[in-house]
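So in UniProt numbering, spot 217 of the sequence shown is number 217, and the numbers just go up one at a time.
Heads up, the beta-carbon is just placed ideally off N, CA and C, and yes, glycines get one too.
Every value quoted in this text rests on a predicted model; they were computed, and no experiment measured them.
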Amino acid sequence: MIITNIEVDGFRNINDLAFQPDPGVNVICGSNAQGKTNLLEAIWLASGEKSFRGARDREMVSLDLEDTSVRIDFKTSERMQNVSYSFSRNPKDKEVLVNGIKARTSADVLGRLLLVIFTPDDLNLTKGSPAVRRDFLDMCVSQVRPRFKTMIDEYNNILEQRNNLLKSMSMGRGSEDELDVWDFQLAGRGACISLFRYTYIDGLAREAAKYYDIISEGKESLEIKYISTIYENLRKSILSKTNLKSEYYQMLKKNRPEDIRLGYTANGIHRDEVCVNINGFPVKQYGSQGQNRSAALCIKFGQAMMLKTETGEEPVILLDDVLSELDRDRQKFVLSNIVNLQTFITCCKGEIKKMGSIYEMADGKLDLVDIYSSNPFEKRGEK
């Protein structure tokens, strides 16, 4: 997959920007606060995901304009496609078009433009809270199973209703018959989500382990496990073709007295964990900063490989000021694995990598500065 055209207007400090990126590496350099990360954010939103900076739509509209519009044209192995979106400070004004057709839900957009983003925060993927890894996992699954996002939203809505009822029951109101209705619905969504998550992690673990074997030169092994708070042995339940919904429901029923006492649902897919181990030990507790960063990088490249395996398309890579956070060996690892992928790299002027097309971003404006080979390990020279 290759992005062939980018048009951005009214997005943060970027106005009236249009360019045709290099099919290989695009290095976007410039001083701080010039719009480098803003450009990657604008591209990222076209994938159907939320802002990786946690921003709301109205916060991304240029201060001196009323609305934002972005269009991304891209080529897959089969055809040309495009995603465009526009929004204002009024949430009701948002519109997303996929190949000219209005998208009704995020599921209509997810899985079209395949992106993998690396930010400095992602280097703490293994050290963050369980919620960080759950959100990352759900984003990954949604890229290859777009309807999964709808499933997650439905689960969260049902969970909220169940928790409201549990809180009422803890104060002597509500009935177990009503709770049973919510439990049955929650079990249905929770069982499906557990299966999708486990299946994805099974593949991701294999791919990430291959990359870690390379970065550690075979001296260490990486293991990723999905830990369920509902199923005693999810793998065994799946292999034995157990009725996952029934098992989930029975566990909810068993936990009812404690949930009523607490006033919320203590166990479920919203409390599950993704455990990352190196040589059998949790990297979060026992790993060095270097090991945690290596594990995070390998998980991200594993995500890229999963996209290729599941969709047949190679994703586009976005590296937002990540290389400056890595030592020389890890920089080399990253650069060697993006050689055959279209990549957008942001960096400060003093950190320019002489590879691909070099652009300078200043006050939201982009100018082509130089062109090199997209392979940093080849002899450098103009194309």
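Compare the C-alpha of Val276 against each of Asn267, Ser170, Gly287 and name the closest. Stepping through the sequence shown from its first residue, residue 276 is reached at position 276. Of the listed residues, the one whose Cα sits closest to Val276 is Gly287.
I believe Ser62 touches Ser86 by the beta-carbon criterion, under 8 Å. Please report the beta-carbon distance rounded to the nearest angstrom. Here residue 62 refers to the residue found at position 62 of the sequence shown. Here residue 86 refers to the residue found at position 86 of the sequence shown. Not a contact, Cβ separation roughly 13 Å.
Applying the criterion that 16 or more other CB atoms from any shown protein chain within 10 Å of the CB defines a buried residue, is Val369 buried or exposed? Taking the first residue of the sequence shown as 1, we reach residue 369 at position 369. Classification for Val369: exposed.
Could you tell me which whole alpha helix (DSSP H) segments of length 4 or greater appear in the segment 256-301? 256-262, 283-286
Under 8 Å: do the segment 35-42 and the segment 359-366 share three or more Cβ pairs, one atom per stretch? yes
To which residues does DSSP link Ile28 through a beta bridge? Here the question's residue 28 lines up with position 28 in the sequence shown. Ile28 is bridged to Thr346, Tyr359.
According to the Cβ coordinates, are Glu41 and Arg53 closer than 8 Å? The residue you call residue 41 lines up with position 41 of the sequence shown. The residue you call residue 53 lines up with position 53 of the sequence shown. A contact, by the Cβ cut-off of 8 Å.
Beta-bridge pairing of Lys225 - partner residues as DSSP gives them: Along the sequence shown, read from residue 1 onward, the residue named residue 225 stands at position 225. Lys225 pairs with Cys275.
May I ask which residues mark the beginning and end of the alpha helix (DSSP H) holding Ile193? In the sequence shown, counting from the first residue as 1, residue 193 sits at position 193. Segment 176-215, the alpha helix (DSSP H) holding Ile193.
Within the same chain, show all residues whose beta-carbon is closer than 6 Å to that of Ala107, passing over the 5 residues directly before and after it, in chain order. For this step, residue 107 is matched to residue 107 along the sequence shown. Closer than 6 Å at the Cβ level, and outside the excluded window around Ala107, lie Pro146, Arg147, Lys149, Thr150.
Nonlocal neighbours in the same chain, by C-beta distance under 6 Å from Val25, ignoring five residues either side: On the sequence shown, residue 25 is found 25 positions in, with the first residue counted as 1. Excluding sequence neighbours, Val25 sits near Thr343, Met355, Gly356, Ser374.
Would a C-beta distance cut-off of 8 Å place Arg104 and Gln81 closer than the cut-off? Reading the sequence shown from its first residue, position 104 is the one you call residue 104. Reading the sequence shown from its first residue, position 81 is the one you call residue 81. In this structure, Gln81 does not lie closer than 8 Å to Arg104 by Cβ.
For Lys50, which residues does DSSP report across the bridge? To locate residue 50, count along the sequence shown from 1; it is residue 50. Looking at the DSSP assignment, Lys50 forms no beta bridge with any residue, so it has no partner.
Assuming Asp135 is part of the beta strand (DSSP E), what are its boundary residues? Looking up residue 135 in the sequence shown gives position 135. Run containing Asp135: none in the beta strand (DSSP E); it sits in the alpha helix (DSSP H), 130-144.
For Glu382 and Tyr372, what's the separation of their Cα atoms in angstroms? Residue numbering aside, residue 382 sits at position 382 when the sequence shown is read from its first letter. Residue numbering aside, residue 372 sits at position 372 when the sequence shown is read from its first letter. The pLDDT assigned to Glu382 is 42, lower than 50, so where the model puts this residue is not dependable, and the model offers no usable value.
From the DSSP output, read off the bridge partner residues of Gly371. For this step, residue 371 is matched to residue 371 along the sequence shown. The residue asked about is misnamed: residue 371 is Ile in this sequence, not Gly. For Ile371, which the question treats as bridged, DSSP gives the partners Ser357.
Whose CA, out of Arg162, Arg12, Lys349, lies closest to the CA of Asp180? In the sequence shown, counting from the first residue as 1, residue 180 sits at position 180. Looking at the Cα atoms, Arg162 is the closest of the given residues.
To the nearest angstrom, how far is the alpha carbon of Gly172 from that of Gln289? As a first step, residue 172 must be located in the sequence shown, where it is residue number 172. As a first step, residue 289 must be located in the sequence shown, where it is residue number 289. Those two C-alpha atoms are separated by around 49 Å.
With distances taken from CA atoms, which of Glu78, Met1, Leu244, Val132 is nearest residue 441? Residue 441 lies beyond the residue range present for the chain, which begins at 1 and ends at 383; the question has no answer from this structure.
Which partner residues does Ala18 have in the DSSP bridge list? What you label residue 18 is simply residue 18 of the sequence shown in a count that begins at 1. In the DSSP output, where bridge partners are listed per residue, Ala18 has Glu7.
Measuring only the C-alpha atoms, how far is Leu97 from Arg71? Against the sequence shown, residue 97 aligns to sequence position 97. Against the sequence shown, residue 71 aligns to sequence position 71. Cα-Cα distance, rounded: 9 Å.
Per-residue burial, Leu366 [other beta carbons within 10 Å of its own, 16 or more giving buried]: Locating residue 366 in the sequence shown gives position 366, where the first residue counts as 1. Classification of Leu366: buried, given that the 10 Å Cβ count is 16 or more.
Using only the alpha-carbon positions, how far apart do Ser47 and Val274 sit? For this step, residue 47 is matched to residue 47 along the sequence shown. For this step, residue 274 is matched to residue 274 along the sequence shown. One C-alpha to the other measures close to 24 Å.
Give me the Cα-Cα distance between residue 390 and Thr229, rounded to the nearest whole angstrom. The chain is shown from 1 up to 383; residue 390 falls before or after that span and cannot be answered.
For Ile101, does the three-state DSSP call read helix, strand or coil? Counting from one through the sequence shown, the residue named residue 101 turns up at place 101. Strand.
Rounded C-alpha distance that separates Ile152 from Gly263: Here residue 152 refers to the residue found at position 152 of the sequence shown. Here residue 263 refers to the residue found at position 263 of the sequence shown. Taking the straight line from one Cα to the other gives about 22 Å.
Report, in whole angstroms, the separation of the C-beta atoms of Phe184 and Tyr231, which I expect to be a contact under 8 Å. For this step, residue 184 is matched to residue 184 along the sequence shown. For this step, residue 231 is matched to residue 231 along the sequence shown. Contact doesn't hold; Cβ gap of about 17 Å is too wide.
Assign Phe118 to buried or exposed, taking buried as 16 or more other Cβ atoms, counted over all protein chains shown, within 10 Å of its Cβ. As a first step, residue 118 is located in the sequence shown; it is residue number 118 there, counting from the start. Under this definition Phe118 is a buried residue.
Could you pull out every residue in the same chain whose Cβ sits closer than 7 Å to the Cβ of Val283, ignoring the five residues on either side in sequence? Counted from its first residue, the sequence shown places residue 283 at position 283. Hits under 7 Å: Thr126, Val276, Asn277, Gln291, Asn292, Ala295.
Rounded to whole angstroms, what's the CA-CA distance from Ser170 to Ser216? Just pull it up for me. The sequence position of residue 170 within the sequence shown is 170, counting from 1. The sequence position of residue 216 within the sequence shown is 216, counting from 1. The straight-line gap from Cα to Cα measures roughly 52 Å.
The beta strand (DSSP E) spanning Lys75 covers which residue range? Here the question's residue 75 lines up with position 75 in the sequence shown. First-last of the beta strand (DSSP E) with Lys75: 67-75.
For Asn15, tell me which candidate among Ser51, Leu65, Met1, Lys50 has the shortest Cα-Cα distance. As a first step, residue 15 must be located in the sequence shown, where it is residue number 15. Ranking the options by Cα distance to Asn15, first place goes to Leu65.
What whole-angstrom Cβ distance do Cys347 and Val27 have, given they're in contact under 8 Å? Counting from 1 along the sequence shown, the entry for residue 347 is found at position 347. Counting from 1 along the sequence shown, the entry for residue 27 is found at position 27. That pair is a contact at about 7 Å.
Using a 10 Å radius around the Cβ and a threshold of 16 neighbouring Cβ atoms, would you call Glu258 buried or exposed? Numbered from 1 along the sequence shown, position 258 holds the residue referred to as residue 258. Classification for Glu258: exposed.
Taking all protein chains shown into account, do 16 or more other C-beta atoms lie within 10 angstroms of the C-beta of Ala131, making it buried, or fewer, making it exposed? The count along the sequence shown starts at 1 and reaches residue 131 at position 131. Ala131 should be labelled exposed.
What is the residue span of the alpha helix (DSSP H) that Val334 lies within? Translated into the one-based positions of the sequence shown, residue 334 becomes position 334. Where Val334 is concerned, the enclosing alpha helix (DSSP H) stretches over 328-336.
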